Structures are given as structure tokens and as C-alpha cells.
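Chains as they are written, first to last, in the numbering used here: chain A, 957 to 1225; chain B, 75 to 369.
See structure below.
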Ligand SMILES: Nc1ncnc2c1ncn2[C@@H]1O[C@H](COP(=O)(O)OP(=O)(O)OP(=O)(O)O)[C@@H](O)[C@H]1O
Ligand SMILES: [Mg+2]
């Protein structure tokens, strides 16, 4: 029975604690499961620990002097808690980090080339690129200009495309909607959904834009102050009154009422 | 105005300048792959020359064998430097890495002094010192050879940075974190750039060692090399070549005009002026990448 559950979850994160600089406890026992082939959202406000959770999974904590001090992470049944970031990418975990971070001085085409796994043949790489340009026709148009001069939306598409070149089984995205116009968010989320359907790619999506995220995922986790405070299906979360009030902009909530907001936040944690 | 004399100054200046480029290409390689100016490039160049001499004189190998062998040794040394010293600094402020390379330069100088002493040794490449005449213009053969080596390396590295490995190195220079996120072996990439720069150091060490003898003074080439690299834009190989030619010509022709006026020593002043003015007026040099303002 236990084994069956394991087999269904491509990623399983159990009671993970992360310490930065050996003192700063950024997440405090987070458990997240990503079922194979599904899209899962990780919601929460600023500083909640969403990015830290993704970095714990991708192994990028090390670069920021962070480490997992408790708990374990398994990917396809293999313990990866201590694995190097590069190894995790090889296994099929790719993390589109916060803030797009394309290689600005390279062309979009070179950005894709840079992410090619070791040993990928030229023809496979070209096929991957064609597929990515198919998903993001705007990138194809601008593939030989300098990536730093692409628009925000195009850079986000490039960051996603660059991650796809690594042929991930689990794609993690950190706030891809940040700073983008609603129609672009819709376009990008639509493409993510399509890739998820077509290729069975599992997706872990970190968002502050809960409204948009809950439209495309099957389940969501709400993180506050380094802890999971809520977990449920997208439907359940959408109809939850607290989520509605504070993340979906429903009701009469005044988002600029900071006092009120922080009181509620304490309640949530 | 004596045009023959002036062109002789300009041509020999350009050739000398290409020898600065030869040195500067090593700096650019490391900068292009890790955004760190390597202050130990002078030390590496000096060590490159010493290793060639050690293999040729002390072991007794012929030069044609000693030079490529030294290149292999230095390739390994470059990788070793990343492994032992730089790896633990990855992601730290560039200033720390800069200081590390400065320390490395001092260390390399001290090491050669301890092993081979401070007396100048000659390279004896066997290039003839008979002048070569281009019409009425006198040209030094060794400078011509060195300029050819510089141009050959220039072409080789221009091609290299279009290969997949070369593109990965440029990606690393752009963003370590993003590189890690897509599985690029950042540490190995930085190591490779140091290894390649160390091979370039052998080429520069052999040519400059032939011209001015092999001793610790070779490491001082850093000053002119850095000036050329900065003028060229630090991350541009083409920039390093063109800036080298410019600095060589300006230095040679300028010194000829200025030396009588200031009573000698104007070469250093010209180099200093070029470096200072570049940083003040055009910090990313002639061909350097601009830092792109995020919109
Ligand atoms: N490199 C770091 N060193 C020390 N503390 C850090 C580091 N990165 C994050 N933190 C701290 O860990 C906590 C969680 O940060 P994290 O970036 O995971 O939040 P987040 O949910 O992604 O927030 P945001 O929505 O603003 O991106 C915060 O208190 C933050 O200050
Ligand atoms: Mg974040």
C-alpha cells in the first residue's frame, strides 16, 4: 500500500527543515507531495518560504549557504536529500528560478544550447529546440537577438524553454507570473497546461497569484511562516473563505490594510 | 615628417601590441567564463615560461616537445587552481576572488624564485635576430612570430566560444545561479577557463621569455595586459586583439614624440593614461558587454 503511494508521487518531501547560514530557520517541517503527471501549486505571501522549498528540492540551497537540517526528499523513490544540484537536473528535476534570470548576453537560441545536458546529440538538441519554439513562437521570432533585451514575458518563456531543454520530469517554477500583464500570464499558464497534458510533465508551481494558479493546478498547498497551513484540491482552496479573502481578492478585503492583513497572517500560521 | 620612420614605429608598435593581446587573451578567457579579472595571469605566464625551460634545459627535451608538454602541465595547473582555491569561493563577492588571484600571483612569483632563483634565463627559441625588411621598414622576426601566434589563438577562441562548451562558459559568466539551475557544471567550466588561460600563458611566456628573458619580471606583463583587456572590454577576444594593436601603436609612436620632451619614460605614462581614461570614459571598453538594464 505504502509502495503504491510512493509510486504515484514523483516527488515526496517529508518534514523538511531548511537552515540558512546555520542559524536562520527558513522552513520548519514542510511536507509536499507531487503526484506524477499533475500540476501542484505552492501558494503563500512574501517570505513564507516558497522559494526555499523549491531550492531544497532542486539542490540550489547550497549556493546560498543553506542546507536541509531535517527531513528527507525522494524523487521517483530515490532519496535525493543530499544529491548535488547537477545530479538532480540529470535525474529530471528542473527549477526555473525566481526573477527569470535568462543568460542576458547570450541569444535565446544560445540560452537553449547552454542548458543542453551532457551528451545530448546535436539532432536531439535541435529537435528539442524546435519543440520549444513550437510552444513559444515568440521566442522563435527573436531567437538570434540578445536575450537581455527581450520583454519580460519573452524572458519568462525563455526561462521555461531553457528548463525544458534539460528534459525534466518535474518542472518547478518560481513565480513565473511576477510582473507580467494578465494576458501574458494566461498565455504562459496555458502553455504550461498544454505541456503538462501532452508530455505528462509534473509541475510544481510557486505563485503569489493564487487566482491564476488555482485555475490550472489540481491541488494546492498554502505556506505561511515556513509551514504548510493548508492543503487541498484546487476546488476546495478556491472555495475556502480565508483563501478567497486574502489571496483571491474576493469579498470586501482591502489589500492595503496592512494591519488587518498581518493579523490574519498570524492566524494562518 | 619621416613617413618611413613613422610607419616603422607604427608597424612595430602594432606587432608589440599583438604580443600584449597574446597575454590579454588569457585574461579575457577567465573573465568570459567567470566574470573575474585574473590578477595572477602574469604569474601564470611566468610559470609557463619556467616550465618550458625546466622541460627543455633541466630535463633536456627539444623545444618542440617541451612547449606542448608545458601546455599540458599548465592545463592541469589551471584546473588544479580552481579545484583547490577557487571552488570554495564560488558565489562569494568578486572582490574576494580578486584578492585570491592577487595572492596567487605573489605565491607563483615566490615559488619560481625559490626553485629557479632570480637570475634571468634565456629561452633560445632559435628565431633569427637578423632584421626582416619590408621595403625600408625594419621588422623584428620574433615579434612577427608572436603576433602570428596571437592571431591564431584569436581565431581558435572565437570559434571555441561558438561551440556548445564555449556557450556554456559564457552562460556561467552571465549567471552562476541560473547555470546551476539547468545543470551546467559551473565549477568544471570555471576550471576549464583557467586551464585554457594557463595554456595561453605558456604561449605568452615563451614569446615574451624569448624577448626579455625568463625571470620574475615576466609577471609584470600583467599591467599592460590588463590595460589591453580593459580597453578591449574584458570579455571580448576581438576587443583584446584590437585594443592590443591600438595600445602598441599609441605607445610606440607616442613615446617617440614625448620622450624627447619629458626626457624618457613616457611609455609607462601612456599606458597608465590609456588605462585610467578607459575606466573613466568607457568602462566597458571598446567591445565589452554592457550590463543590460532590466525593464
Ligand atoms: N539566502 C538566504 N539567507 C538567509 N535567509 C534567507 C535566504 N533566502 C531566504 N531567506 C529567508 O528565508 C525566509 C523564506 O524566504 P523565501 O525566499 O523562501 O520566501 P518566499 O516565500 O519565496 O518569498 P517571496 O514571495 O518574497 O519570494 C525569509 O524569511 C527570507 O528572509
Ligand atoms: Mg520567493
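Just so it is clear, CB atoms sit at the ideal spot from N, CA and C, and this is done for glycine as well.
Small disclaimer: the values here were computed from a predicted structure and weren't measured.
Residue 359 (chain B) places its beta carbon 7 angstroms or farther from that of residue 287 (chain B). One finds 256 and 257 in chain B with Cβ atoms closer than 7 angstroms to the Cβ of residue 1045 (chain A), taken in chain order. Shown here for residue 343 (chain B): same chain residues with a beta carbon closer than 8 angstroms to its own, the five before and five after excluded, namely 332 and 336 in chain order. With its beta carbon at least 7 angstroms from every one in chain B, residue 1086 (chain A) lies outside the interface.
The beta carbon of residue 269 (chain B) sits closer than 7 angstroms to the beta carbons of 149, 152 and 153 from its chain, once the five residues preceding and following it are set aside; these are given in chain order. By the C-beta density criterion, residue 207 (chain B) is exposed, having fewer than 16 other C-beta atoms within 10 angstroms. For residue 1145 (chain A), none of the residues of chain B pass the 9 angstroms Cβ criterion, the least Cβ distance being about 21 angstroms.
Here residue 280 (chain B) is not near residue 98 (chain B), since their CB atoms are 7 angstroms or more apart. Contact check for residue 309 (chain B) and residue 1062 (chain A): beta-carbon distance about 12 angstroms, past the 8 angstroms limit, so the pair fails to qualify. In this structure, the C-beta of residue 1007 (chain A) approaches ligand 2 to less than 6 angstroms from one of its heavy atoms. Chain A has no Cβ within less than 7 angstroms of the Cβ of residue 311 (chain B).
Following the DSSP letters along the chain, one finds residue 1130 (chain A) inside the beta strand (DSSP E) bounded by residues 1126 to 1130. For residue 970 (chain A), the beta-bridge partners assigned by DSSP are A:1028. For residue 252 (chain B), the residues of chain A that pass the 7 angstroms Cβ criterion are 1053, 1057 and 1059, in the order they occur in the chain.
Setting aside the 5 residues that flank it on each side, residue 1028 (chain A) is surrounded in the same chain by 970, 1035 and 1037, each with a C-beta closer than 7 angstroms to its C-beta; the list follows chain order. Separation of residue 241 (chain B) and residue 968 (chain A) (C-alpha to C-alpha, rounded to the nearest whole angstrom) is 34 angstroms. Residue 320 (chain B) has a beta carbon lying at 7 angstroms or more from every beta carbon in chain A. Spatial neighbours of residue 175 (chain B) in its own chain (CB-CB distance under 6 angstroms, excluding positions within 5 residues in sequence) are listed in chain order as 112, 113 and 114.
Assignment of residue 1092 (chain A) by DSSP, reduced to helix, strand and coil, places it in the coil class.
The Cβ of residue 1071 (chain A) sits closer than 7 angstroms to at least one Cβ of chain B.
At a cut-off of 7 angstroms, the C-beta of residue 165 (chain B) has a neighbouring C-beta in chain A.
Residue burial annotation: residue 257 (chain B) is buried, with at least 16 other C-beta atoms found within 10 angstroms of its C-beta. Not flagged as an interface residue toward chain A: residue 303 (chain B), since no C-beta distance is shorter than 7 angstroms. Selection B:290, B:285 and B:352 evaluated against residue 180 (chain B) yields B:290 as nearest (Cα-Cα). Each of B:171, B:318, B:363 and B:267 was checked against the Cα of residue 349 (chain B), and the nearest Cα belongs to B:318.
For residue 245 (chain B), the nearest CB of chain A lies under 7 angstroms from its own CB, placing it at the interface with that chain. Counting only runs of 4+ residues, the alpha helix (DSSP H) found wholly inside the stretch 1034 to 1112 of chain A occupies 1041 to 1047, 1064 to 1070, 1078 to 1091 and 1093 to 1097, in chain order. Taking the beta carbon of residue 1133 (chain A) as reference, no residue of chain B falls within 9 angstroms; the closest one sits roughly 17 angstroms away. Within the stretch 1005 to 1016 of chain A, the residues whose Cβ lies closer than 9 angstroms to some Cβ of chain B are 1014, 1015 and 1016, listed in chain order.
Inclusion of residue 1020 (chain A) in the 6 angstroms shell around ligand 1 follows from its C-beta lying nearer than that to a non-hydrogen atom of the ligand.
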